[in-house]
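Some notes on the structure that comes next.
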Amino acid sequence: MNGFTGTNESHDTNEDQHSQYNDHYSSASDEDNDAVEVTFDPSSLYRRKSSLIYSETDGPKFAACKSKAGATQCLVHQFLEGYRNENRKNTDREQNDNTHVTTTGLDSYVEPKGKPASPQVNGSPKDLDSDASTEAGQPDQESWKKARLGLDHNEGLNSRLLTKKQLTDMAWGVREMSRRLGSIRLKFKVRSVFLLTKAYDRELIPKTRLVAKWLLSKAREVRYTVYVEESLKSCEEFDTPGLLQELCQEHNDSDGVDKNATKKSLENRLRFWTEKMCRKRPHTFDFVITLGGDGTVLYASWLFQRIVPPVLSFSLGSLGFLTKFEFNEYSEILSTAFRDGVTVSLRLRFEGTVMRSQRKKNQLTQDEYTDDEGTRRKRDLIEELIGEERDDEHTHKPDGTYEILNEIVVDRGPNPTMSYTEIFGDDEHFTSVLADGVCVSTPTGSTAYNLAAGGSLCHPDNPVMLVTSVCAHTLSFRPIILPDTIVLRVGVPYDARTHSWASFDGRERVELRPGDYVTISASRFPFASVQPQGRRGEDWVKSISAKLGWNTRQRQKNEGFNQWNR
């Protein structure tokens, strides 16, 4: 992961402070270097201006970028890199002062583990094998070997491959960055705007057209490039030819305007996105605007699996826990956001990976095999995940990774009987579950399926995982809350009667056969949600009170109580 350049400025208690960060991504070309301006929010009552200072003695120092940031690096990781490099300097300083502190038990790999066969990486053999030679787990092809080399610079590295210490540091870094971003405004040089709406909703398409027209209007000082879904290109309600004609007429009202050039320019500025573009070139978009409900915001998270541009969501759905802005004021809201900047909240996402059971040598049936002595043995998922494993025998391999904002659910699917699953946390077997399913939710998703299954409401700033059973076959299985610094695994044992199914934010559904499991860990790529100015934690409480009618009841009557009490 590459760093970014910045300038240090002194703090003034009477004036807003600005710092310039180089944003290496632009809508037009990867070669552009647009700046991101960070402005302290003077109205914030939660953080003082000095809260951005990393240490008590030094100002906000950020790493110099020796090379251009990769096209797969997100803005959040650019900020984190600055603090990480400052951390390294502080660590080096401590080592020079002979104050090095060793933490035990945190450098072991959760999954995979096992001694690699002839690792071709830099470093001494002692360093390479010190935390992995005697512990069990599942080597994940060759990718984990590369984790030893420049871990912070590998955008493709899955969070489940981090050591316990690395996962803890990553989760802490994202939370700390979210806390700091809560009291500053980020001014992006927005050029490319991504519009997302329900393409099948005939009530929302005209509103999407209205926003697109406003962004492309001649009255805008910046010539925005607007992307709408490709299906709207031929949609009668959106009327692309009519929209371009209206915009051309508006621009051609001025004297001396080349009509052909204006038409060509507008056609070039109104573009159409596909899911492939979101996967391959997410850095093309500077800003995301959603028009719909919470489902539309979840779809935005699904489209941008790694890099997530800032998402500003207009409330045009049913409940709206994630939609923060009223559409009737869209022109004022967008003008203020582009002119004065936005406050960004980082929502924790989970990374879920499906791990497929591999056929063992001398395997007879799905769950039986013969060992070297010819003895017939049964395969045991618990033994394979937390027990000893031979170096030349890998029991599982990955089969798809997904970033989710709400929850991962492992359930019985179309089976008429309940599912049987095993739950593991790091290197421990937690419990066996006989139920319709298990829901592992983010704090953001606590008000979704987790709530319906009887789980707890959880403030989105909490660094936790919520595990809730769905119609468990025992009354003693209560919802549990786990830290987000563990790697959770939910698997189907080899002797299960039926298969199970895993779903990711309700958009991808994958069958889990006996022996398969799903890893769930905190994602290195949080969801950047734009928040209204001056509203932070209390906004969530107001949302559950308004949307769910939380703890509302008819008030007790007081007539005649005093007389009766006498």
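Quick note on numbering that gives the first Met the number 0: the sequence shown kicks off at 0 and runs consecutively. Even for Gly, the Cβ is constructed at its ideal location relative to N, Cα and C.
Cβ neighbour criterion (16 or more within 10 Å) applied to residue i
{"i": "K323", "result": "buried"}
{"i": "G386", "result": "exposed"}
{"i": "G373", "result": "exposed"}
{"i": "W272", "result": "buried"}
{"i": "R378", "result": "buried"}
{"i": "W549", "result": "exposed"}
{"i": "W171", "result": "exposed"}
{"i": "V540", "result": "exposed"}
{"i": "R554", "result": "exposed"}
{"i": "R358", "result": "exposed"}
{"i": "A471", "result": "buried"}
{"i": "V221", "result": "exposed"}
{"i": "T394", "result": "buried"}
{"i": "Y199", "result": "exposed"}
{"i": "A116", "result": "Annotation note: pLDDT 38 at A116 (below 50); position unreliable, coordinate value reported separately. Exposed is the call here."}
As assigned by DSSP and simplified to three states, the class of residue i
{"i": "T420", "result": "strand"}
{"i": "C247", "result": "helix"}
{"i": "F237", "result": "coil"}
{"i": "C277", "result": "helix"}
{"i": "K377", "result": "strand"}
{"i": "N557", "result": "coil"}
{"i": "T484", "result": "coil"}
{"i": "F503", "result": "strand"}
{"i": "A218", "result": "coil"}
{"i": "E306", "result": "The residue you asked about is not Glu; residue 306 is Ile in the sequence shown. Residue state, collapsed to three classes: coil."}
{"i": "R512", "result": "coil"}
{"i": "F326", "result": "helix"}
{"i": "A495", "result": "coil"}
{"i": "N267", "result": "helix"}
{"i": "K541", "result": "helix"}
{"i": "S158", "result": "helix"}
{"i": "K569", "result": "Any property of residue 569 remains undetermined from this structure, which presents the chain solely from 0 to 565."}
{"i": "S372", "result": "Per the sequence presented here, residue 372 reads as Glu, with Ser not at that position. E372: coil per DSSP, three-state reduction."}
Limits of the beta strand (DSSP E) - the one that residue i falls within
{"i": "G351", "result": "F349 to S356"}
{"i": "L345", "result": "T342 to R346"}
{"i": "I582", "result": "The first residue shown for the chain is 0 and the last is 565, placing residue 582 beyond what the model contains."}
{"i": "E229", "result": "Taken as a continuous stretch (DSSP letters only), E229 belongs to no beta strand (DSSP E), as it is neither H nor E."}
{"i": "I204", "result": "Note, I204: premise wrong, no beta strand (DSSP E); alpha helix (DSSP H) at L203 to L215."}
{"i": "D398", "result": "H395 to I403"}
{"i": "D435", "result": "E427 to S440"}
{"i": "A452", "result": "First-last for A452: undefined, no H or E at that position."}
{"i": "G294", "result": "Careful: G294 lies outside any beta strand (DSSP E), inside the alpha helix (DSSP H) at D293 to L302."}
Range covered by the alpha helix (DSSP H) that runs through residue i
{"i": "R179", "result": "K163 to L180"}
{"i": "E331", "result": "Y329 to D339"}
{"i": "Y199", "result": "From DSSP, Y199 is part of no alpha helix (DSSP H); its letter is neither H nor E."}
{"i": "T364", "result": "Run containing T364: none; DSSP gives neither H nor E here."}
For residue i, the residue or residues it bridges with in DSSP
{"i": "G524", "result": "For the sequence presented, residue 524 should be read as Phe rather than Gly. Its beta-bridge partners do not exist; DSSP assigns none."}
{"i": "W549", "result": "Looking at the DSSP assignment, W549 forms no beta bridge with any residue, so it has no partner."}
{"i": "V466", "result": "V439 and I479"}
{"i": "W272", "result": "E228"}
{"i": "T289", "result": "L195 and S312"}
{"i": "I519", "result": "G351 and L487"}
{"i": "V529", "result": "V343"}
{"i": "A471", "result": "A434"}
**Q.** the segment 493-504 / the segment 330-339 touching (three or more Cβ pairs under 8 Å)
**A.** no
Q. At a cut of 8 Å, does the segment 177-187 reach the segment 339-352 through at least three beta carbon pairs?
A. yes
Q.
Using a Cβ distance threshold of 8 Å, determine whether the segment 509-516 contacts the segment 479-496, with at least three qualifying pairs required.
A. yes
Q. So, do the segment 418-432 and the segment 390-408 have three or more beta carbon pairs nearer to each other than 8 Å?
A. no
Q) At a cut of 8 Å, does the segment 289-302 reach the segment 191-203 through at least three beta carbon pairs? A) yes
Q.
Does the structure place the segment 310-327 close enough to the segment 275-291 that three or more beta carbon pairs sit under 8 Å?
A. yes
Q) Are the segment 454-463 and the segment 360-368 touching, with three or more C-beta to C-beta distances below 8 Å? A) no
Q.
For the segment 345-362 against the segment 393-402, do three or more pairs of beta-carbon atoms, one drawn from each stretch, fall closer than 8 Å, so that the two count as touching?
A. yes
Q. Does the segment 237-244 come close enough to the segment 203-215 to have 3 or more Cβ pairs within less than 8 Å?
A. yes
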